[in-house]
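Residues 1 to 487, numbered by UniProt numbering, are exactly what the sequence shown covers, in order.
Quick reminder that beta carbons are idealized off the backbone N, C-alpha and C, glycines included.
One structure is given here, and the rest of the page talks about it.
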Amino acid sequence: MPAQGETTSLLGTNPDVRAKLPLPLSLSPASSPPSSASTSSSASSGGSSLSMGDPSPVANRRRSRGALCCAEGIKRRRALLVLAALSLLLLFLVVHHCAKWYKAKQVHENPHLSQDEIMKEQNSGPYRLVERQYGDDFFQFYDFHDGPDSEGSAGYNVYVGKERAMELGIAKVVKDDQTGEQFVHMSSTPTNDGPRESVRLEGKRRYHDGLFILDLRHMPAGCGLWPAFWLTDGENWPNNGEIDIVEGINDQTIARTAMHSSDRCDMFGHVPPTEKTGYWDTATGIPDSFTGEPNFDIKVDSDNCYAYASHQWVNQGCVQISEKDDTSGEPLNAKGGGVYALEWDPVNLRIRSWVFPFEDGHNVDYDGHAGLPSNLVEVLSTVNKSDGSSAVIPDTDTWGLPYAYFAVGPTTGCFSDHFQNMQLVFNLAFCGSVSGNKFFQDCPAQAKQFNVNSDPIQTCNAWITSDPEELKEAYWKVGGVYVYERS
1 MPAQGETTSL LGTNPDVRAK LPLPLSLSPA SSPPSSASTS SSASSGGSSL
51 SMGDPSPVAN RRRSRGALCC AEGIKRRRAL LVLAALSLLL LFLVVHHCAK
101 WYKAKQVHEN PHLSQDEIMK EQNSGPYRLV ERQYGDDFFQ FYDFHDGPDS
151 EGSAGYNVYV GKERAMELGI AKVVKDDQTG EQFVHMSSTP TNDGPRESVR
201 LEGKRRYHDG LFILDLRHMP AGCGLWPAFW LTDGENWPNN GEIDIVEGIN
251 DQTIARTAMH SSDRCDMFGH VPPTEKTGYW DTATGIPDSF TGEPNFDIKV
301 DSDNCYAYAS HQWVNQGCVQ ISEKDDTSGE PLNAKGGGVY ALEWDPVNLR
351 IRSWVFPFED GHNVDYDGHA GLPSNLVEVL STVNKSDGSS AVIPDTDTWG
401 LPYAYFAVGP TTGCFSDHFQ NMQLVFNLAF CGSVSGNKFF QDCPAQAKQF
451 NVNSDPIQTC NAWITSDPEE LKEAYWKVGG VYVYERS
């Protein structure tokens with residue numbers, strides 16, 4: 001056996017062995033022209049095709065056939081590799097497409113799918129309009145709840161169905177003859193039994209994220225009132241969460257955003273103070289865990305969204321308040337209303353709220369509103385025109401800091417799946433567990449006049465039953481609701 005490195009010399013001196021082995025394509029006679037040296041040697045031998053040490057013609061033919069076979073084999077292997085690569089690519093595309101389809105199917109069929117899982121499939125691109133709730137089309141986006149208020153809210157009212165609401169005139173669309181704008185009116189009416197007939201609209205569509213813009217010209221305001229525009233999943237509360245975009249409590253004048261959730265949704269230490277202009281609501285008078293007596297000496301931030309957090313009032317949730325005192329109730333109505341916006345953006349790990357009161361009157365083109373960002377002015381002035389092809393897309397990064405900022409997502413103290421599968425709700429309630437319980441505190445003059453057994457809720461109910469003149473302000477006037485999602 002030759003030593004390592006001697007193979008070439010042995011093959012070169014033994015034509016029979018050399019002829020039996022195929023050569024690489026680059027060494028075959030078919031692919032390499034004869035060198036000038038070999039041509040010269042052949043000529044000097046009297047034209048003979050053979051020279052000392054060269055293989056015979058038979059060996060050359062064998063070598064050529066072997067080289068050709070080798071080349072064809074290489075080509076076949078290359079073709080098979082290309083085909084295999086294309087097959088793998090096609091398989092990957094099919095699997096990826098099927099996975100996306102299956103996950104989308106799961107979202108619709110299983111509303112409890114983890115929001116963090118849904119977030120992975122979302123795009124963080126620009127917004128696109130998915131619902132335009134305006135004018136005569138407004139009510140088609142909602143179902144009318146027919147029946148008493150929930151036990152938890154316990155409002156002094158009965159919600160009526162669509163037909164009854166239209167008949168009573170407490171749900172209608174009116175047109176401004178001067179501007180041509182259409183507005184949605186929702187209100188209530190007294191009854192002989194005491195509780196007022198009112199409206200509660202529940203959205204037909206479910207959301208896992210989105211940008212919600214409310215063009216609001218008037219909101220119910222005054223003592224004993226509890227109006228709200230909010231997101232919730234009533235069948236799975238508080239597990240799927242609740243976000244209150246607009247909530248009026250008696251005669252309050254400051255906008256606030258409240259979130260209610262299941263356990264382990266804590267904002268403490270996760271909300272950068274430089275990302276918002278508002279501040280946390282506080283809890284005080286919480287019963288002492290040892291004595292059971294209310295403690296009014298301590299105030300704590302309401303930064304835990306859990307509905308039953310131990311250091312907050314039951315179902316207080318995490319609440320942030322605007323720094324401006326003309327952003328809700330009567331002061332907002334005096335300005336002609338304003339625009340509320342909530343950005344529920346789990347992709348960017350946040351939920352943000354803005355409120356922009358109108359400042360200089362209003363017309364159909366939104367001219368003269370120093371209180372609105374220019375992008376939002378363009379959005380609202382184009383969204384209802386023609387087919388929407390020329391509508392301006394919202395860019396919340398140009399709106400300035402929100403007054404409320406909540407951190408949600410895998411790197412925060414509140415996973416995104418605390419808020420999912422929620423629908424929009426408009427309602428107008430009276431007294432109940434919130435406005436009723438705060439009636440003595442917020443409305444001392446009315447409480448003194450209508451006091452019933454020193455009970456705040458009964459006293460509030462008596463005030464509402466009297467059908468005071470102030471209840472003429474208890475109505476919604478909505479210019480439109482516009483919902484966007486990331487494309």
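Where residue i falls, given that 16 or more other Cβ within 10 Å makes a residue buried
i: Phe290; result: exposed
i: Val94; result: exposed
i: Glu151; result: exposed
i: Lys472; result: exposed
i: Phe229; result: buried
i: Ser433; result: buried
i: Pro287; result: exposed
i: Gln178; result: exposed
i: Lys105; result: For Lys105, the pLDDT reaches just 49, beneath the cut-off of 50, and the residue's location in the model is therefore unreliable, although a value from the coordinates is still provided. Lys105 comes out exposed.
i: Asn110; result: Low per-residue confidence applies at Asn110: pLDDT is 49, beneath 50, and the placement is therefore not dependable, though the value from the model is reported in the following sentence. Exposed.
i: Ser454; result: exposed
i: Glu72; result: exposed
i: Lys448; result: exposed
i: Asp303; result: buried
i: Ile464; result: buried
i: Asn192; result: exposed
i: Leu380; result: buried
i: Phe406; result: buried
i: Arg350; result: buried
i: Asp149; result: buried
i: Lys438; result: buried
i: Ala85; result: exposed
i: Ile298; result: exposed
Limits of the unbroken beta strand (DSSP E) element including residue i
i: Leu214; result: Gly210 to His218
i: Asn157; result: Asn157 to Tyr159
i: Lys175; result: Ala171 to Lys175
i: Gln178; result: Taken as a continuous stretch (DSSP letters only), Gln178 belongs to no beta strand (DSSP E), as it is neither H nor E.
i: Val246; result: Glu242 to Glu247
Identified DSSP bridge partners for residue i
i: Asn427; result: Arg200 and Ala228
i: Cys318; result: Met259
i: Glu485; result: Arg128
i: Asp143; result: Glu202
i: Arg350; result: Asp345 and Ala407
i: Pro287; result: Pro294
i: Gln133; result: Val481
i: Asp266; result: Asn304
i: His185; result: Lys172 and Lys477
i: Gly338; result: Leu216 and Pro357
i: Trp280; result: Gln320
i: Pro148; result: Val158
Residue nearest to residue i in terms of C-alpha spacing, selected from the options
i: Glu197; options: Gly155, Gly234, Gln423 and Cys223; result: Gly155
i: Lys204; options: Asn236, Asp143 and Trp344; result: Asp143
i: Pro357; options: Asn333, Ile351 and Trp344; result: Asn333
i: Glu359; options: Leu349, Ala258 and Val339; result: Val339
i: Ser322; options: Ile351, Asn348, Gln312 and Val355; result: Val355
i: Thr411; options: Ser302, Cys265 and Leu211; result: Cys265
i: Leu129; options: Phe212, Gln140 and His208; result: Phe212
i: Ala307; options: Ser353, Gly241, Ile254 and Glu485; result: Gly241
i: Ala462; options: Gly480, Tyr475 and Phe440; result: Phe440
i: Asn239; options: Phe415, Gln458, Thr459 and Lys438; result: Phe415
i: Thr396; options: Gly125, Ala85, Leu80 and Arg77; result: Gly125
i: Val377; options: Glu72, Asp215 and Asp136; result: Asp215
i: Val481; options: Leu342, His418 and Gln449; result: Leu342
i: Ile245; options: Pro468, Ser328 and Leu380; result: Ser328
i: Val158; options: Phe430, Val300 and Ala474; result: Phe430
i: Val425; options: Arg200, Gly292 and Ser374; result: Arg200
i: Ser183; options: Gln423, Gly409 and Ala171; result: Before going further, note that residue 183 is Phe rather than Ser in the sequence given. Ranking Gln423, Gly409 and Ala171 by Cα distance to Phe183 puts Ala171 first.
i: Asp146; options: Leu88, Asn427 and Val478; result: Asn427
i: Asp467; options: Gln446, Cys305, Lys477 and Val408; result: Gln446
i: Ser353; options: Glu470, Asp301, Lys175 and Glu247; result: Glu247
i: Asp251; options: Ala474, Pro456 and Asp442; result: Asp442
i: Ser187; options: Pro220, Val174 and Ala84; result: Pro220
i: Thr274; options: Glu330, Phe450 and Leu401; result: Leu401
i: Asn348; options: Ala258, Gln420, Ile457 and Arg486; result: Arg486
Span of the alpha helix (DSSP H) around residue i
i: Met166; result: Lys162 to Leu168
i: Asn375; result: Ser374 to Thr382
i: Gly329; result: Gly329 to Ala334
Cβ-heavy atom distance, residue i to the ligand MN, below 8 Å
i: Leu380; result: Ligands are entirely absent from the displayed structure, and the ligand MN is therefore not among its contents.
Secondary structure, beta strand (DSSP E): runs of 3+ residues fully inside the stretch 399-466: 404-407 and 423-430
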